[in-house]
């Protein structure tokens with residue numbers, strides 16, 4: 098069915114190419130929560146009424162994203178993990194936006210939605226890899242369950258919509274010669290628990306994140322279940338898109354699976370901004386022995402790197418320029434802090450891959466570092482000398498976490514010990530401390546004015562109703578409430594990083610002062626007189 102005019106399709110593509118629809122950090126399918134244009138499309142009667150006819154009056158919009166496929170690009174047969182849940186109902190609306198045709202539209206196996214069995218599970222049981230499952234193989238599996246199943250490739254063009262059940266087996270193969278762009282809208286009944294898939298595991302058995310819950314919008318009826326995180330609809334498309342993070346809780350499966358070919362494999366955890374940070378990212382990596390992810394480099398972000406498993410060496414040319422050892426060994430439980438523009442790299446040592454955790458963050462503070470461009474500079478002697486002479490508010494440091502835990506018997510059920518607290522080039526203060534929680538300890542739900550990152554080291558704790566085990570990363574942005582409880586009998590230990598505020602931009606104050614001078618007629622008159630006299 099036609100739901101968008103050619104003019105609307107062109108407008109959407111123009112906005113998309115202007116990057117008016119950037120990815121939302123904790124949920125790339127949540128564009129409709131930030132874009133009034135996409136929200137209006139998702140709720141227009143030509144789309145919403147057929148959705149309500151299939152799902153009922155109570156409808157929740159949980160997904161909106163653009164999907165592009167290059168010529169020859171294959172999206173293997175799959176079910177969306179978010180839709181593969183035993184309760185509730187889900188429905189997807191796929192709309193061709195640009196270069197849509199039969200050769201670039203979706204492929205589906207009819208009647209497979211009644212199986213309530215994802216194609217990922219079927220492949221797992223059959224022992225067939227994702228890329229090896231052709232359409233003929235998929236169809237044969239479906240026809241064993243229902244002989245009436247057929248391969249369907251709908252005739253599609255720009256502006257047309259295709260509605261299908263979330264359990265329907267589908268894929269795409271762009272056999273055309275142009276990049277095809279589509280808009281995917283995804284709906285569900287409010288009794289459907291929608292969760293974010295683990296970004297490092299898309300195979301069966303599925304893994305999902307309990308926090309953060311993806312933002313959803315009620316577009317019809319009411320929610321009486323409280324299973325999902327409902328947010329208000331966007332009211333305007335004007336202004337800049339936001340990238341604000343919410344509470345994050347992520348369990349790291351140690352050891353990480355390495356990449357035997359490339360030797361280095363990163364696993365993303367989160368990326369976005371907070372009230373204190375313009376940008377912060379977190380990931381873990383598996384680095385094979387003898388490998389390094391890159392040559393010594395530097396960047397505008399400040400960074401913390403903590404070794405979780407294996408052995409490694411960090412190479413620090415800036416220290417060499419100061420007459421200090423440039424190779425520093427790193428053991429599990431140790432971490433290093435790099436200020437901005439500090440040259441560094443890491444190399445795995447020993448017999449097993451090194452697994453490490455990294456936080457990188459950035460703030461523009463109007464200081465001299467903002468004038469530097471984040472570009473690749475050759476590792477020349479002059480460059481190293483220049484960066485090594487930069488004076489930072491918090492200099493490079495290496496820390497052994499075990500040295501900062503409180504020793505001896507303590508009667509306190511919750512105790513902390515400071516590692517450091519100091520201003521950095523982009524923060525009013527970066528604080529690091531260790532915490533020990535005894536059975537029955539913890540703290541009540543509260544909200545901080547600073548961002549908090551926690552690395553769980555030993556024991557278990559309960560946060561926001563979820564059990565957190567060792568090698569987990571928690572992140573609570575400023576303004577997000579969180580709690581902690583210690584229900585088990587073992588002692589829990591963890592490391593905390595607090596990101597406190599950012600600096601006021603002095604550049605803006607200078608510009609304001611200059612603007613006042615420019616508005617002063619006498620000032621301009623004197624300036625012109627001075628220039629005129631010089632020309633004489």
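Numbering (the numbering used here), first residue to last: 98 to 633. Positions of the beta carbon are idealized from the N, C-alpha and C atoms, including for glycine.
- Under the DSSP definition of a beta bridge, residue 439 lacks any partner.
- Shortest Cα-Cα distance from residue 461 to any of 409, 448, 510, 399 involves 399.
- The C-alpha of residue 111 is placed about 11 Å away from the C-alpha of residue 195.
- A residue is called buried when at least 16 other Cβ atoms come within 10 angstroms of its Cβ; residue 185 meets this threshold and is buried.
- Taking C-beta atoms under 8 Å as the contact rule, residue 159 and residue 230 fail to qualify, at a distance of about 27 Å.
- Fully contained in the region 197-241 are the following alpha helix (DSSP H) runs of length 4 or more, in chain order: 216-223.
- For secondary structure counted as the beta strand (DSSP E) over 3 or more consecutive residues, the region 284-366 holds these complete runs in sequence order: 312-317, 345-348.
- One thing to note: residue 190 has its Cβ no nearer than 9 Å to the Cβ of residue 105.
- DSSP places residue 105 in the helix class (H, G or I) of the three-state scheme.
- For residue 590 against residue 502, the beta-carbon gap comes to about 6 Å, under 8 Å, which counts as contact.
- Two segments are said to touch when three or more pairs of C-beta atoms, one from each, lie closer than 8 Å; by this definition the region 566-577 touches the region 531-547.
- Residue 589: member of the beta strand (DSSP E) spanning 589-597, first to last residue.
- Counting of Cβ neighbours within 10 angstroms places residue 132 among the buried residues, the total reaching 16 or more.
- DSSP assignment within the region 372-420 yields the following whole alpha helix (DSSP H) runs of 4 residues or more, N-terminal first: 414-418.
- For residue 406, the closest of 434, 441, 446, 370 by C-alpha to C-alpha distance is 446.
- Under the three-pair Cβ rule at 8 Å, the region 159-168 does not count as touching the region 217-224.
- When beta bridges are read from the DSSP output, residue 458 appears opposite 377, 399.
- Taking a C-beta distance under 9 Å as the contact criterion, residue 101 and residue 258 qualify as a contact pair.
- Residue burial annotation: residue 453 is buried, with at least 16 other C-beta atoms found within 10 angstroms of its C-beta.
- Beta-bridge partners of residue 175 (DSSP): 267.
- With fewer than 16 other Cβ atoms from the protein chains shown falling within 10 Å of its own Cβ, residue 141 counts as exposed.
- For residue 541, the uninterrupted beta strand (DSSP E) run begins and ends at 539-543, by DSSP.
- Excluding residues up to 5 positions away in sequence, 363, 364, 365, 366, 455 lie with their Cβ nearer than 7 Å to the Cβ of residue 380 in the same chain.
- Three or more beta-carbon pairs separated by less than 8 Å link the region 341-350 to the region 366-376, which places the two stretches in contact.
- Per DSSP, residue 514 is one residue of the beta strand (DSSP E) stretching across 511-519.
- For residue 299, the closest of 412, 179, 234, 307 by C-alpha to C-alpha distance is 179.
- When the five nearest sequence neighbours on each side are left out, the beta carbons in the same chain lying within less than 6 Å of the beta carbon of residue 586 are those of 536, in order along the chain.
- Of all alpha-carbon atoms in 145, 199, 490, the one lying nearest the alpha-carbon of residue 274 is that of 199.
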